[in-house]
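In what follows, a structure is listed as structure tokens, so that the remarks can point back to it.
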Amino acid sequence: MTDARPVLTMRGITKRFPGVTALSEVDFRLFPGEVHALMGENGAGKSTLLKVLTGAYTADSGTVELDGAPVHFATPLQAQQAGISTVYQEVNLCTNLSVAENIFIGREPRRFGAVHWRELRRRAAELLARLQIEIDVSADLGTYSLAIQQMVAIARALDVDAKVLVLDEPTSSLDASEVSELFRVMRRAREAGVAIAFVTHFLDQVYEISDRITVLRNGRLVGEYLTADLPQVQLVKAMIGKDLEALERLEEPKEKASAARTQNQRPVVEAVELGRRGSVAPFSIAIHAGEVVGLAGLLGSGRTEVARLLFGADRADHGRILVNGEPVTVRTPRGAIAHNIAFCSENRRTEGLVGELTVRENIILALQAARGWARPIPRRRQDELVAKYISALQINPPDPNLAVRDLSGGNQQKVMLARWLITEPRLLILDEPTRGIDVGAKAEIQRLVVQLADGGMALLFISAELEEVLRLSHKIAILRDRRVVSEIANSEGVDADRIMATIASGAQES
Amino acid sequence: MNELLKRLTGHRLFWPIAILALLLITSAIVSDDFFSITIREGALYGPLINILRYGAVLMLVAVGMTLVIATSGIDLSVGAVVAVSGALACFWISRLDDQNSVGGVLTAVALALGLSVVLGAWNGFLVAGVGIQPIVATLILLVAGRGLAQLITEGQIITVNSAPYATIGTGYLFAFPVSVIIAAAVTALAMLLTRRTALGMLIEAVGGNAEASRLAGIRARRIKVLVYTFSGFCAGVAGLIYSSNVRGADGNNAGLFIELDAILAVVIGGTSLAGGRFTLSGTVVGVLMIQSLTTSIYAMGVPPETSMLFKALVVTAVCLIQSPAFRAKVFGGRRWAARTPRAGEPPGPGAREPGHRVEVRA
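So the sequences go chain by chain: C and G.
Position in the first sequence (from 1) plus 2 gives the number in the working numbering.
Position 292, counted from 1, in the second sequence is what the working numbering calls 281; the numbers after and before it change by one each time, with no gaps.
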């Protein structure tokens, strides 16, 4: 494999954005028949490099060679025609078209000038069967899970005889079984000689699937390694540029004295038999000041639905909410905010940030909304607040006037956090706050959760990663099939296995 | 010097203003005395004043339209509201015993504006309350409004002969046409309301991402109802000026197609139809551009039957010149190319210009 000629070589790629050099003299190469993981923290330049590769961005300098010949892609279409196919984080397919149409869009088999539908479906089914995906190809793509959608995108890429397949965080919203399905399909593609560039934030996935790793840091190349030669610790070190100190510090067991913290105290927020038909079955949960309550469960088990009911994002049709023991009506997010409940949605882009507004505007949005439009926050006060949180959360680049869509995922997440922290919430609900962000930022956010709880805030912490929930929570509510099946104190003897067992068995509340 | 030029051309209002200037200069070359302003009986006269005077109606409608578009909506009913407002005012005045009674005229104005506000709120209710797509919701009133105007005037053209009412459209105050003063006042009011309070940012947030705004605690529905209501109010005022100017109500032709000119003015001014960021000053320039174009078409002696086509050509050219991608292609990469942002360069307002965004998704 190593003596083969690279199918793709990028040399000295430099790309600048307003106020930032996203890439500086970066080299990257891909060999046929390998999975090449591109690693780095948020803002390291991974996505930018891939966008240069796929023609979405034009590099300021540097060369790209495909099969030894210099190429220049001005548009994604050109790249695609040259044999570079892409699957973006948010799958780039049309969910309102059928699976078959998605695979052959723009290349439909024709007969007498009209689309030959039967042939189209037959070929689509055949193609998917080769990848051992058995689905109805005439159904709308949107009716299938994100995992299937990703695989359809890969199937399309294979059918156009792609030489290079770019997968930008394909697994970030998939559960474990879906990931292994996806990897199976990726291995098929690799066997077919496709060079796969793969971005993920899950280290174990890198070691499971990749053959080679390129690490970027702050827009610069750190190095290219064979996966087998690079121990995990070294990889993380290369990515964050310092020792694992930051991570290890978090590993120290949290103060478990917290159980005492909550005793004989009225919960800050308590849900009593709260539920909504078709969303989540009635559940009861109490969250105390200084307490982190974790929600564990598989994807689709109702974790987010619980959060949305508590925040009034969805209207409950059952039960009630008590704040400091008093019954309150929380029928809208606005109502929840009035009782100092805050909610960071898992979908930063669609439910969190307003992309074209600046970092400053996004940070003050919730506070301003609560004050009403007629009482604007004085500009000086805004600048103070924003500057304070930009430095406290280390938002990078530290420019309050940058449009928030130009920030990397981790920094966008910090902007979301800043938005809620300035409202000084009593209960902060964090739905997947560490998803799709790098180890460094992840550690920072986890540390922040601990700090906030120590400062007396109540937190509801949702994550697909059990380890994370276990590490941070004092109490864990376990969900299965849109029902809270168990609530356990996170004391000695509680570990991922036990929680998994509860999820698997669906044991009722004891 | 070079730096200054770059800053200047990078400003989001540079191209609209440059094109407006070009239009005015062309008009001046074609027709003599274009820039001449004379004072007669303490009032200003001249082609430029006429542009302002005839532009007042469009200005009002476009200001309301800007805020609606910023919430990623659109208001197609403004022309119909112009007609309804004029019809009701003229109908009321025509039934007065003394058409010159100031009290009667004020009542007529209040009634017309009241109805316009109700119609605007109706649009807002359909869009925000019922959840109908804005283009469909306001299309309802576009059709029904003309019918309502016809109903009020009983299908006739009502003419009025009222000195106080005529003042609105043709009178002068401190040497300036009253209509221009009204339009300027409403525009200033809108600017103050949106930029001196947090309203502008909240509107932009709702237009930029409605769901995120709701989850941030913004009463998105209320804001939408507010902007449609304001748009109705603006169209109502415009209807008064229009009908006062022609001294009568014509349910068929008052404000016909004005929604299209208004949308055009908003877009030329630099507010994206997708919603979000809006600029009222851009809209003002856009309105002046369209109005001077309309005026100079007459001045240049373009035959009426081809004037629409001529206008379309100029507007197309204007849109192309404003597109950074087009400028880069035609005038060659370096000088006018969409400024490839440089490291360390503060992202000025220019960076927000829609055309500057390089975001292509495969």
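Where is the CB? At the ideal position from N, CA and C, for every residue including glycine.
Exercise. Counting only beta-carbon atoms, is A201/G nearer than 7 Å to chain A?
Worked result: Of the protein chains in this structure, namely C and G, none is chain A.
For this session: Leaving aside the five residues before and after L10/C along the sequence, list all residues of the same chain whose C-beta is less than 6 Å from its C-beta, in chain order.
Result: The answer, listed in chain order, is L32, L68, V166.
Exercise. Which residues mark the beginning and the end of the beta strand (DSSP E) in which F185/C is found?
Worked result: Here F185/C belongs to no beta strand (DSSP E); instead the alpha helix (DSSP H) covers 178 to 193.
For this session: Could you tell me whether the stretch 404 to 423 of chain C touches the stretch 175 to 188 of chain C, using the rule of 3 or more Cβ pairs below 8 Å?
Result: no
Exercise. Can you name the residues of chain C whose CB is closer than 9 Å to the CB of R266/G?
Worked result: Residues of chain C passing the Cβ test: E358, L359.
Problem set entry | Where E193/G meets chain C, residues with beta-carbon distance less than 7 Å | L359
Exercise. Near V28/C, which residues of its chain fall below 8 Å by C-beta distance, leaving aside the five closest residues on each side in sequence?
Worked result: M12, G14, I15, T16, G47, L51, G64, L218, G221, R222, L223
Exercise. Can you tell which of I192/G, R203/G, F246/G, R184/G has its C-alpha closest to the C-alpha of Y217/G?
Worked result: Considering only alpha carbons, the answer is I192/G.
Exercise. Which residues, taken in chain order from the stretch 345 to 357 of chain C, show a beta carbon closer than 8 Å to some beta carbon of chain G?
Worked result: F345, S347, T352, E353, G354, L355, V356, G357
For this session: Return the Cβ separation of A81/C and T56/C in integer angstroms, given the expectation that the two are a contact with Cβ distance under 8 Å.
Result: 5 Å
Exercise. Hey, how far is the Cα of S305/C from the Cα of R268/C?
Worked result: Correcting the residue type first, residue 305/C is Arg in the shown sequence and not Ser. If I take the Cα positions, the gap works out to 24 Å.
Exercise. So what does DSSP say about C346/C, is it helix, strand or coil?
Worked result: Strand at C346/C.
Exercise. According to DSSP, which residues form a beta bridge with G296/C?
Worked result: F463/C, I478/C
Exercise. Can you name the residues of chain C whose CB is closer than 9 Å to the CB of L188/G?
Worked result: W375, A376, P378
Exercise. Taking C-beta to C-beta, are L461/C and V270/C nearer than 7 Å?
Worked result: no
For this session: Determine the chain G residues that contact P335/C at a beta-carbon separation under 8 Å, and present them in chain order.
Result: R203, L204, A205, G206
Exercise. Quick one: which chain C residues come within Cβ less than 7 Å of G197/G?
Worked result: Chain C residues near G197/G: V356, G357, E358, L359.
Exercise. Taking the Cβ atom as the reference point for each residue, do M48/G and V304/G lie within a distance shorter than 7 Å?
Worked result: No, these two residues do not count as a Cβ contact at 7 Å.
Exercise. Do the CB positions of G75/G and S232/G come within less than 7 Å of each other?
Worked result: Contact flag set, yes.
Exercise. From R7/C to D138/C, what does the alpha carbon distance come to, in whole angstroms?
Worked result: 40 Å
Problem set entry | From V361/C, V54/C, F30/C, residue whose alpha carbon lies closest to that of R216/C | According to the sequence shown, residue 216/C is Thr rather than Arg. Among V361/C, V54/C, F30/C, the Cα nearest to that of T216/C is on F30/C.
Exercise. Taking Cβ to Cβ, would you say S140/C is nearer than 7 Å to S87/C?
Worked result: no
Exercise. If we cut at 7 Å on Cβ distances, does E363/C have a partner in chain G?
Worked result: yes
Exercise. Mapping DSSP to helix, strand and coil, what is F285/C?
Worked result: The answer is strand: DSSP assigns F285/C an E or B state.
For this session: Could you tell me whether the Cβ atoms of A315/C and L276/C are closer together than 7 Å?
Result: no
Problem set entry | Three-state class that DSSP yields for G264/G in the structure shown | coil
Exercise. What does Q370/C touch in chain G if you count any residue whose Cβ is under 8 Å from its own?
Worked result: For Q370/C, the C-beta contacts it makes with chain G under 8 Å involve A187, M190, L191, in order along the chain.
Exercise. Can you list, in chain order, the residues of its chain whose CB lies under 7 Å from that of F313/C, leaving out five sequence neighbours each side?
Worked result: Correct list, in chain order: P335, A338, I343, F345, I431.
Problem set entry | Close beta carbons around D250/G, own chain, < 6 Å, minus the five adjacent residues each side | L47, I279
Exercise. Could you give the C-beta distance for E136/C and L122/C, rounded to a whole number, given that I count them as a contact under 8 Å?
Worked result: So it is not a contact: roughly 18 Å between Cβ atoms.
For this session: Taking A315/C as the query, report the chain G residues whose CB atoms sit under 7 Å from its CB, ordered along the chain.
Result: L204
Exercise. In or out: M188/C buried (at least 16 other Cβ within 10 Å) or exposed?
Worked result: buried
Exercise. In terms of alpha-carbon separation, which member of G357/C, E470/C, W375/C, P329/C lies closest to Q414/C?
Worked result: G357/C
For this session: Give the secondary structure of S296/G by DSSP, where H, G and I count as helix, E and B as strand, and everything else as coil.
Result: helix
Exercise. Looking only at DSSP bridge pairs, what is G225/C linked to?
Worked result: In DSSP, G225/C forms a bridge with V217/C.
Exercise. If we cut at 7 Å on Cβ distances, does I339/C have a partner in chain G?
Worked result: yes
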